[in-house]
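Undergrad:
2 protein chains.
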Amino acid sequence: MNPLVATVVVIFAVIEDAVQVLLVQRTAEPERGRWALPGGRWDGREGMDATASRKLVEETGAGGLYLEQLFTTSGLDREQPGVAVAYFALVDQARVRLREGDEWPPRWQRVDALPEMAFDNDSVIAQALDRVRAKLEYTNIAYGLLPEEFTVRELQATYEAILGRELDRRNFRKRMLSNGIIEPTGTRRREGAHRPALLYRFVSREPVFL
Amino acid sequence: MNPLVATVVVIFAVIEDAVQVLLVQRTAEPERGRWALPGGRWDGREGMDATASRKLVEETGAGGLYLEQLFTTSGLDREQPGVAVAYFALVDQARVRLREGDEWPPRWQRVDALPEMAFDNDSVIAQALDRVRAKLEYTNIAYGLLPEEFTVRELQATYEAILGRELDRRNFRKRMLSNGIIEPTGTRRREGAHRPALLYRFVSREPVFL
DNA sequence: CCAAAAGTGTTAAAGCTACACCCATGG
DNA sequence: CCATGGGTGTAGCTTTAACACTTTTGG
Numbered sequence: 107m108n109p110l111v112a113t114v115v116v117i118f119a120v121i122e123d124a125v126q127v128l129l130v131q132r133t134a135e136p137e138r139g140r141w142a143l144p145g146g147r148w149d150g151r152e153g154m155d156a157t158a159s160r161k162l163v164e165e166t167g168a169g170g171l172y173l174e175q176l177f178t179t180s181g182l183d184r185e186q187p188g189v190a191v192a193y194f195a196l197v198d199q200a201r202v203r204l205r206e207g208d209e210w211p212p213r214w215q216r217v218d219a220l221p222e223m224a225f226d227n228d229s230v231i232a233q234a235l236d237r238v239r240a241k242l243e244y245t246n247i248a249y250g251l252l253p254e255e256f257t258v259r260e261l262q263a264t265y266e267a268i269l270g271r272e273l274d275r276r277n278f279r280k281r282m283l284s285n286g287i288i289e290p291t292g293t294r295r296r297e298g299a300h301r302p303a304l305l306y307r308f309v310s311r312e313p314v315f316l
Numbered sequence: 107m108n109p110l111v112a113t114v115v116v117i118f119a120v121i122e123d124a125v126q127v128l129l130v131q132r133t134a135e136p137e138r139g140r141w142a143l144p145g146g147r148w149d150g151r152e153g154m155d156a157t158a159s160r161k162l163v164e165e166t167g168a169g170g171l172y173l174e175q176l177f178t179t180s181g182l183d184r185e186q187p188g189v190a191v192a193y194f195a196l197v198d199q200a201r202v203r204l205r206e207g208d209e210w211p212p213r214w215q216r217v218d219a220l221p222e223m224a225f226d227n228d229s230v231i232a233q234a235l236d237r238v239r240a241k242l243e244y245t246n247i248a249y250g251l252l253p254e255e256f257t258v259r260e261l262q263a264t265y266e267a268i269l270g271r272e273l274d275r276r277n278f279r280k281r282m283l284s285n286g287i288i289e290p291t292g293t294r295r296r297e298g299a300h301r302p303a304l305l306y307r308f309v310s311r312e313p314v315f316l
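So the sequence lines, in the order shown, correspond to chains A and B. The opening position of the first sequence corresponds to residue 107 in the working numbering, with each subsequent residue numbered one higher. The opening position of the second sequence corresponds to residue 107 in the working numbering, with each subsequent residue numbered one higher.
#1: Measuring straight from C-alpha to C-alpha, what distance separates valine 258 of chain A and glycine 292 of chain A?
#2: Quick one, are the C-beta atoms of alanine 224 of chain A and alanine 142 of chain A less than 8 Å apart?
#3: Within its chain, find whatever has a CB closer than 6 Å to the CB of proline 290 of chain B; leave out the 5 residues flanking it on each side and keep chain order.
#4: Please list, in chain order, the chain B residues whose beta carbon lies closer than 7 Å to that of phenylalanine 177 of chain A.
#5: With 16 other CB atoms within 10 Å as the buried threshold, where does glutamate 243 of chain A fall?
#6: Could you tell me how far apart the beta carbons of alanine 192 of chain A and valine 114 of chain A are, in whole angstroms, since I believe they sit closer than 8 Å?
#7: Run through chain A and tell me which residues come within less than 8 Å of valine 116 of chain B, C-beta to C-beta.
#8: Which residue wins for smallest C-alpha separation from leucine 182 of chain A, given the options A:Pro109, A:Pro302, A:Leu316?
#9: What ranges does the beta strand (DSSP E) occupy inside the region 108 to 171 of chain A, keeping only unbroken runs of at least 3 residues that lie completely in it?
#10: Buried or exposed, going by whether 16 or more other CB atoms sit within 10 Å of the CB of leucine 171 of chain A?
#11: Run through chain B and tell me which residues come within less than 9 Å of tryptophan 148 of chain A, C-beta to C-beta.
#12: Could you tell me which chain A residues have their CB closer than 8 Å to the CB of glycine 270 of chain B, listed as they occur along the chain?
#13: Please state whether the Cβ-Cβ distance between isoleucine 268 of chain B and arginine 237 of chain B is less than 8 Å.
#14: Would you grab the beta carbon distance between threonine 245 of chain B and leucine 316 of chain B for me? Rounded to a whole angstrom, and I think it's under 8 Å.
#15: Measuring only between beta-carbons, confirm whether glycine 57 of chain B sits less than 8 Å from chain A.
#16: Which runs of the beta strand (DSSP E), 3 residues or longer, sit entirely within the region 213 to 284 of chain B?
#17: Would methionine 154 of chain A count as contacting chain B if we go by Cβ distances under 8 Å?
#18: Would you kindly work out how many angstroms separate the C-alpha atoms of valine 309 of chain B and arginine 281 of chain B, rounded to a whole number?
#19: Quick one: grab the DSSP three-state call for glutamine 186 of chain A.
#20: Would serine 284 of chain B be called buried (16 or more neighbouring beta carbons within 10 Å of its own) or exposed?
#21: Identify every residue that forms a DSSP beta bridge with alanine 303 of chain A.
#22: One question on the structure: do valine 189 of chain B and valine 111 of chain B come within less than 8 Å of each other, judged by their Cβ atoms?
#23: Among A:Gly270, A:Glu297, A:Ile288, A:Gln262, whose alpha-carbon lies nearest the alpha-carbon of arginine 276 of chain A?
#24: On a Cα-Cα basis, can you pick out the residue from B:Tyr249, B:Asp208, B:Glu260, B:Ser180 that is closest to glutamate 312 of chain B?
#25: State yes or no: is the C-beta of valine 217 of chain A within less than 8 Å of the C-beta of valine 125 of chain A?
#26: Work out the CA separation of alanine 168 of chain A and glutamate 206 of chain A for me, nearest whole Å.
#27: Given a cut-off of 8 Å on the beta-carbon distance, is the pair tyrosine 117 of chain A and glutamate 165 of chain A in contact?
#28: Return the bridge partner residues of proline 318 of chain A from the DSSP annotation.
#29: Taking Cβ positions, are aspartate 226 of chain B and leucine 220 of chain B nearer each other than 8 Å?
#30: Valine 130 of chain A to aspartate 155 of chain A, Cα distance in whole Å?
#31: How big is the Cα-Cα spacing for glutamine 186 of chain A and threonine 179 of chain A?
#32: Between B:Trp148, B:Trp210, B:Arg147, which lies nearest to arginine 138 of chain B when the distance is taken from Cα to Cα?
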């Protein structure tokens with residue numbers, strides 16, 4: 107008898123300057139009704155990355171901008187042997203349309219105020235967040251969290267939300283530009299009673315190491 | 107029908123100043139007789155880390171000094187769906203006793219001159235090596251490759267073998283000491299017609315981030 | 001006394017951190 | 001003209017890289 111294989115996806119977005127995770131309520135036992143990460147059984151007919159990616163689209167309506175495998179754990183469930191392959195994804199909240207009208211709809215939850223969670227899902231989220239934090243420093247993965255065009259200030263707010271600390275405006279701008287991770291689009295955005303902000307885009311929207 | 111779950115272990119040692127991997131020859135189809143990474147089916151009765159660790163002991167006779175999960179791939183085999191969970195391990199070659207006398211005994215192979223390998227095992231090895239290289243820079247995982255006591259020169263030779271480039275002796279020593287990775291034992295080792303070398307040990311033989 | 005590896009310090013360059021003022025706009 | 005957020009440069013400090021001579025031993 108072969109073990110059960112499941113995938114689980116930690117979907118992050120920065121909403122209202124806070125890191126939030128997409129959670130669903132379990133519709134099956136065990137732990138029915140409790141908040142949990144979206145995921146499901148892997149049937150082996152498609153690649154596992156494809157399964158995780160499809161799960162992401164099902165939940166968010168938006169194609170995954172960034173999806174990466176985290177790790178695999180065994181023994182979640184006492185009753186039958188199984189492994190869970192965890193992924194994390196970064197999405198731009200503006201593109202997301204959550205499923206509505208279900209009895210138990212999915213919801214964004216701030217990572218700093220999670221509800222009681224099924225299994226060891228809190229620890230999976232914590233590890234995913236650690237990984238995102240680390241990679242933010244030496245890759246361009248932030249592109250997953252932002253729209254095509256954005257201001258330096260918006261980019262900085264995203265970094266600050268994930269890192270959980272404030273950054274210096276001048277140093278941040280310098281670094282992002284000398285890095286070569288962003289470039290100006292040449293246009294500005296007027297909004298409100300102040301100088302308009304220059305708009306930038308990511309030089310590459312593929313994962314790049316610095 | 108559930109998919110097959112297997113574990114696979116990339117076992118590294120530095121032997122004769124070269125990074126080497128422990129390989130076995132497949133005794134079963136498909137790809138029977140070809141060189142491959144040690145591993146096997148996971149039966150779900152123990153944790154997966156425990157399975158990988160046991161595999162390591164079976165092959166090397168030595169307890170794994172350092173074992174870390176790498177990633178999980180699906181679709182290795184066309185015929186039946188399955189996933190392979192890859193690990194890598196670091197061992198001190200001096201403690202290893204390979205199984206002998208089998209028809210097809212395991213063998214150390216230099217990573218820079220691998221034989222033709224089964225499945226995509228070369229790429230698993232390449233990714234494992236990348237990970238080791240990266241972690242060498244910001245963790246103390248080198249402890250897995252060395253005995254209790256060693257000279258700074260031996261440590262440096264290990265780093266050089268893995269990184270594939272030469273390092274400056276003075277800077278290396280300074281960094282390792284100011285890091286707090288190693289500490290002197292207070293003893294020296296006489297060997298040959300030259301000044302004896304001070305012996306050092308790792309401050310911690312648990313994984314530590316710098 | 002010679003050969004062989006061990007041990008040691010300084011200087012320049014680059015990168016990082018901290019910090020304060022002027023600019024463009026809408027109302 | 002004022003309030004609001006956008007944009008910019010410099011100086012000190014820390015970190016990294018480059019580099020050569022003296023020490024201890026065995027034979």
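Where is the CB? At the ideal position from N, CA and C, for every residue including glycine. Note that the coordinates shown come from a computational prediction; the quantities given were computed from them, not determined experimentally.
TA: Here's the rundown:
#1: Residue numbering aside, residue 258 of chain A sits at position 152 when the first sequence is read from its first letter. Residue numbering aside, residue 292 of chain A sits at position 186 when the first sequence is read from its first letter. C-alpha separation (whole angstroms): 13 Å.
#2: In the first sequence, the residue the question calls residue 224 of chain A occupies position 118. In the first sequence, the residue the question calls residue 142 of chain A occupies position 36. A contact, by the Cβ cut-off of 8 Å.
#3: For the purposes of this step, residue 290 of chain B is taken as the residue at position 184 of the second sequence. The residues are Leu304, Tyr306.
#4: Position 71 of the first sequence, counted from the first residue, corresponds to residue 177 of chain A. Within 7 Å Cβ-Cβ: Gln175.
#5: Residue 243 of chain A sits at position 137 when you count from the first residue of the first sequence. By the neighbour-count rule (16 or more Cβ atoms within 10 Å), glutamate 243 of chain A is not buried but exposed.
#6: Position 86 of the first sequence, counting from 1, holds the residue named residue 192 of chain A. Position 8 of the first sequence, counting from 1, holds the residue named residue 114 of chain A. That pair is a contact at about 5 Å.
#7: Translated into positions along the second sequence, residue 116 of chain B becomes position 10. Per Cβ cutoff of 8 Å: no residues; valine 116 of chain B is ~16 Å from chain A at best.
#8: Locating residue 182 of chain A in the first sequence gives position 76, counting from the first residue. Here the closest residue by C-alpha is A:Pro109.
#9: 110 to 121, 124 to 131, 145 to 147
#10: Position 65 of the first sequence, counted from the first residue, corresponds to residue 171 of chain A. The residue in question, leucine 171 of chain A, is buried, as its Cβ has 16 or more Cβ neighbours within 10 Å.
#11: For the purposes of this step, residue 148 of chain A is taken as residue 42 along the first sequence, with counting starting at 1. Simply Pro109, Ser180, Pro187, Val189.
#12: The count along the second sequence starts at 1 and reaches residue 270 of chain B at position 164. Those within 8 Å of glycine 270 of chain B in chain A number zero; the least Cβ separation is about 18 Å.
#13: Sequence index remark: in the second sequence, residue 268 of chain B carries index 162 (1-based). Sequence index remark: in the second sequence, residue 237 of chain B carries index 131 (1-based). The answer is no: Cβ separation not under 8 Å.
#14: Within the second sequence, residue 245 of chain B is the residue found at index 139, counting from 1. Within the second sequence, residue 316 of chain B is the residue found at index 210, counting from 1. Rounded, the Cβ-Cβ distance is 7 Å, consistent with contact.
#15: Not covered by the structure: residue 57 of chain B. The range shown for chain B is 107 to 316.
#16: 213 to 216
#17: Along the first sequence, read from residue 1 onward, the residue named residue 154 of chain A stands at position 48. Interface residue, yes.
#18: For this step, residue 309 of chain B is matched to residue 203 along the second sequence. For this step, residue 281 of chain B is matched to residue 175 along the second sequence. Each residue's Cα considered, the two are about 14 Å apart.
#19: Counted from its first residue, the first sequence places residue 186 of chain A at position 80. Here glutamine 186 of chain A sits in coil by DSSP.
#20: If you number the second sequence from 1, residue 284 of chain B lands on position 178. Exposed is the call here.
#21: By one-based count along the first sequence, residue 303 of chain A stands at place 197. DSSP output for alanine 303 of chain A lists A:Arg295 as bridge partner(s).
#22: Locating residue 189 of chain B in the second sequence gives position 83, where the first residue counts as 1. Locating residue 111 of chain B in the second sequence gives position 5, where the first residue counts as 1. Closer than 8 Å, so yes.
#23: Taking the first sequence and counting its residues from 1, one reaches residue 276 of chain A at position 170. The residue with the shortest Cα to Cα distance from arginine 276 of chain A is A:Gln262.
#24: Position 206 of the second sequence, counting from 1, holds the residue named residue 312 of chain B. Selected option, being the one with the closest Cα: B:Tyr249.
#25: Against the first sequence, residue 217 of chain A aligns to sequence position 111. Against the first sequence, residue 125 of chain A aligns to sequence position 19. In contact: valine 217 of chain A and valine 125 of chain A (Cβ atoms closer than 8 Å).
#26: By 1-based counting over the first sequence, the position of residue 206 of chain A is 100. By 1-based counting over the first sequence, the position of residue 168 of chain A is 62. When rounded, the distance between both Cα atoms is 15 Å.
#27: Here residue 117 of chain A is taken as the residue at index 11 of the first sequence, counted from 1. Here residue 165 of chain A is taken as the residue at index 59 of the first sequence, counted from 1. Correcting the residue identity first, residue 117 of chain A is isoleucine in this sequence and not tyrosine. Yes, the pair counts as a contact, with Cβ atoms nearer than the cut-off.
#28: What the structure shows of chain A is the stretch from 107 to 316, and residue 318 of chain A is not part of that stretch, so it cannot be assessed.
#29: Working through the second sequence from its first residue, we reach residue 226 of chain B at position 120. Working through the second sequence from its first residue, we reach residue 220 of chain B at position 114. No.
#30: By one-based count along the first sequence, residue 130 of chain A stands at place 24. By one-based count along the first sequence, residue 155 of chain A stands at place 49. Between valine 130 of chain A and aspartate 155 of chain A, the C-alpha separation is close to 20 Å.
#31: The residue you call residue 186 of chain A lines up with position 80 of the first sequence. The residue you call residue 179 of chain A lines up with position 73 of the first sequence. Whole-angstrom Cα-Cα distance: 14 Å.
#32: The residue labelled residue 138 of chain B in the question sits at position 32 within the second sequence. That would be B:Trp210, whose Cα lies nearest to the Cα of arginine 138 of chain B.
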